[in-house]
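In our numbering, the protein residues as written are 1 to 699.
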């Protein structure tokens, strides 16, 4: 795929310049200096010769066909440049020129025009407003970057051209090779999803690293990223998340789910490794490119100083990895080869005066121990330290398929050794915590690759009943689904909902309570009052007719005083459910990735601590349980502090039923079951309150 872009035989540079420092000059020089073996066609209205190549005044003068055009002319001439490229058979164009949608409406209109021209001609476009494209395998540097990287296994897709130059400088400084580098710019045509698909099948690429400010089509990205991650790691640094969507949400679930959470849920589903910052993007990328995947999460730490060893051990445990002691027989054998004062626990402290041989023996021991899955080697420079010799000794003794990471701490005294490590394909990090974080990303990816097959359970439900309720609401133009209709929908999906009915008068409220049986709850029903408790619209444990009358009169007085304009449908009389642990389960529909399910404990856990977790629907039973385990308050569900454990299966079942409901009915935009009362193992969970919001209706 994209052969004309990544492996062209003839490249035109439209806007080639004679003046060093001009973009058109640097692109032409980069193509020549990279050793591109195909034809290079400079195009400049003045004709003549540039950098030893004959220049065409117009591409029409070129006697032959081209595969790729790199366009660096003012944007008013870009359309004509694309047309001339199409006329010469170009399959791809790179529009370096800026001044498009990033500048406003006029630029956006020009961008739509050139993208439409390419699309109608079957030509693929990178950009506009981009740095260009590099493919080291093909000796192609079709960019105005200042450097050509060496060959390597990391391919980079970046929405920022400036970040591309920073990446190239980082790669040069650490001696890291790249496979491909693509600056996608405004991505008017080709975007991150297109390149992830291409790089997934690229034999040169071992890991795909992306810097993204936006994702063009969430569903397509998820599919492409998951397919790629099944083959090779995809590491993404996503920036530009916004809280704008949170401000518009009306449900608890919606208010807790921002754009950042949506991306996190999407990446978790698709196997993408999420980088928290620029450093971690390449910390992980170099680890994946240089080392085999770990078989597990048990780590041996080797150090010549106690403090850094403790730092590494703390970081390892905090990240969920295991600081694994050597097996006794291996520890004893290693002890015999180290000074008496050395420690063969974990961390393995080879002492401050350790030479290369001591480090080599420790690495060999860790590799020989089948209870160890990965090794982190730490060195701090002492007066007697041979840092370069240690780097080489560690590399020479590495055998087998366990990943080995290094953290040679310091500056001047270890810089040569750090560069040596990278040259020997041992990823080196300036601090132990960064080495641990890179290892953790590998462990997470390996766990995702070994995940159980995703089998989404389908429950027998009454879809027709839901369709009737939603059709009625749509006819009325009511986007708010109050408790009465919400519970009717949930009953159709076999949720355990207490018996209840709407009463429109005092006498009807008493009669309904008598028919249902005491004790009952009374709740105001109004499309204008979403959070009933805030308006005094909820009364619980009413045990006789007098209490029902008093609650009704007081509720109506309060509502008329606090919200005189609110439309009142009546009161909902409902049988009181059994007590249980209050939790909240819900859904909000992200515009990019679709329905996101939420789970959390009720009360302060959700309101104050915001201890909730999200997952993209549809979910499996295993993923539902993962949602529970991902919260800090999970221990309370298991019966911490002497409390009885609750039925986790009931919660997982409820999450899966919501998953099916919102997948079946995309017009449900938000949903809260709050509280969802969960009792001891063997008891049925109860929907105490619920509400929904529909999309596509005018409120």
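Ideal placement from N, C-alpha and C gives every residue a C-beta, glycine not left out.
Computed from a prediction, not measured in an experiment: that's the story for all the values here.
For residue 41, the pairing in a beta bridge is given by DSSP as 12. In the three-state reduction of the DSSP assignment, residue 573 falls in the strand class. Take residue 462, set aside five residues on each side of it, and the residues of its chain with a beta-carbon closer than 6 angstroms to its own are 492, in chain order. The beta-bridge partner set that DSSP reports for residue 141 consists of 134. The shortest CA-to-CA distance from residue 99 to any of 238, 75, 498 and 148 is the one to 75.
For the beta strand (DSSP E) assignment, the uninterrupted runs of no fewer than 3 residues enclosed by the stretch 395 to 434 are, from N- to C-terminal side, 404 to 408. In this structure, residue 513 lies near residue 573, with their beta-carbon atoms less than 8 angstroms apart.
Runs of the beta strand (DSSP E) spanning 3 or more residues and lying entirely within the stretch 137 to 218 occur at 140 to 143, 151 to 158, 178 to 183 and 207 to 212, in chain order. Taking C-beta atoms as the reference points, residue 353 and residue 381 fail to come closer than 8 angstroms. In the same chain as residue 317, and ignoring 5 residues on each side of it, the C-beta atoms closer than 8 angstroms to its own belong to 323, in chain order. Nearest Cα to residue 58 within the set 87, 141 and 30: 87. Looking at the DSSP output, residue 55 sits in no beta bridge, so it has no partner there.
DSSP, reduced to helix, strand and coil, places residue 598 within a strand of the structure shown.
Exclusion of the five residues before and after residue 663 leaves 595, 617 and 618 as the residues of its chain whose Cβ lies within less than 8 angstroms of its Cβ. In the structure shown, residue 75 falls within a helical segment according to DSSP collapsed to helix, strand and coil. For the pair of segments examined, the stretch 302 to 310 was found not to touch the stretch 452 to 461: the number of CB pairs separated by less than 8 angstroms stays below three.
Under the three-state reduction of DSSP, residue 85 is assigned to helix. Judged by DSSP in its simplified three-state form, residue 308 adopts helix.
Taking the C-beta atoms as reference points, residue 133 is found no nearer than 8 angstroms to residue 123. Closest option to residue 16, judged by alpha-carbon separation, among 143, 101, 193 and 177: 143. For the 8 angstroms CB-CB criterion, residue 403 and residue 479 do not form a contact. DSSP lists 646 as the bridge partner or partners of residue 680. When DSSP states are grouped into helix, strand and coil, residue 303 belongs to the strand group. At the C-beta level, residue 436 and residue 315 come within 8 angstroms of one another.
In the structure shown, the three-state DSSP call for residue 674 is strand. Around the C-beta of residue 565, fewer than 16 other C-beta atoms lie within 10 Å, and the residue is accordingly described as exposed. Here residue 587 is buried. Its C-beta has 16 or more other C-beta atoms within 10 Å. In the three-state DSSP reduction, residue 69 falls in the strand class (E or B). A straight-line Cα-Cα distance of about 8 angstroms links residue 686 and residue 578.
The distance from the Cβ of residue 71 to that of residue 41 is about 12 angstroms, inconsistent with a contact at the 8 angstroms cut-off. Spanning the alpha carbons of residue 24 and residue 229 requires a straight line of approximately 37 angstroms. Per the coordinates, the alpha-carbon of residue 224 lies some 9 angstroms from the alpha-carbon of residue 270. A direct Cα-to-Cα measurement between residue 628 and residue 640 gives close to 15 angstroms.
With respect to the 8 angstroms criterion, residue 298 and residue 349 are not classified as neighbours on the basis of their beta carbons. Using a C-beta cut-off of 8 angstroms, the stretch 486 to 500 makes no contact with the stretch 534 to 541, since fewer than three inter-stretch Cβ pairs fall below that distance. Here residue 177 really is in contact with residue 136; their C-beta atoms are around 7 angstroms apart, less than 8 angstroms.
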